[in-house]
Amino acid sequence: MIQIEKLKEFCAAHEHLLVYGAGQFSWTVLPFLSTRGYVPEAILVSGKPATSEYTKNIPEYRVADFPRKRGSRYGIVLALQEMYHNEVKTRIRQHFGDDADIFVLRDGDIDRLMNILGQSQNLWDSNSLDE
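Under the numbering used here, think of the first position of the sequence shown as 930, with each following residue one higher.
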């Protein structure tokens, strides 16, 4: 079961919140965070940034291109398959150094969030996000 309280605490503890991933996993994480008042300032990706209906007006950046503010602390939520976590963590550490904390969502956590979100057609407006 996802540790929702820990995710909320992580988000609340970071003035600069980012989500890594712009695929199906982030399409689940973004509305979940949004309904709890946490809208990331950016989405980080590995490839070419693109905007989709699920990312709304949140800008996308390749990790290396993200305009980080030196001395700021970033909270980064990983929203992608577990098999890519180590590679992504390395990329994040190369760009952010010690200025980033990473919250890892496992595949099972994402499945749980999908179940919480249910069959809503518009995930951003779902009212069924409580456990």
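Note that the Cβ used here is the ideal one computed from N, Cα and C, for glycine as well.
Buried or exposed by the 16-neighbour rule on C-beta atoms within 10 Å, applied to S1001 | exposed
For K1018, the nearest candidate out of M1043, S975, R1041 and P996 (CA to CA) | S975
Kindly indicate which three-state DSSP category G1004 falls into: helix, strand or coil?
-> strand
For G950, which of A1008, E938 and Y1013 has the nearest alpha-carbon?
-> A1008
Determine, using beta carbons only, whether E944 comes closer than 7 Å to chain D.
-> In summary, chain D is missing from the structure at hand, where a single protein chain is found.
For the segment 944-974, which segments carrying the alpha helix (DSSP H) assignment without a break, of at least 4 residues, lie completely within its bounds, in sequence order?
-> 953-963
Per DSSP, F995 forms a beta bridge with which residues?
-> Partner(s): none; F995 has no beta bridge.
Span of the beta strand (DSSP E) holding I1031?
-> A1029 to V1033
Measure from the alpha carbon of H1014 to the alpha carbon of each residue in A1029, D1036, D1027 and F995, then state which is nearest.
-> D1036
Could you name the residues that DSSP lists as bridge partners for E1011?
-> Its beta-bridge partners do not exist; DSSP assigns none.
Please classify E989: is it buried, with 16 or more other beta-carbons within 10 angstroms of its beta-carbon, or exposed?
-> buried
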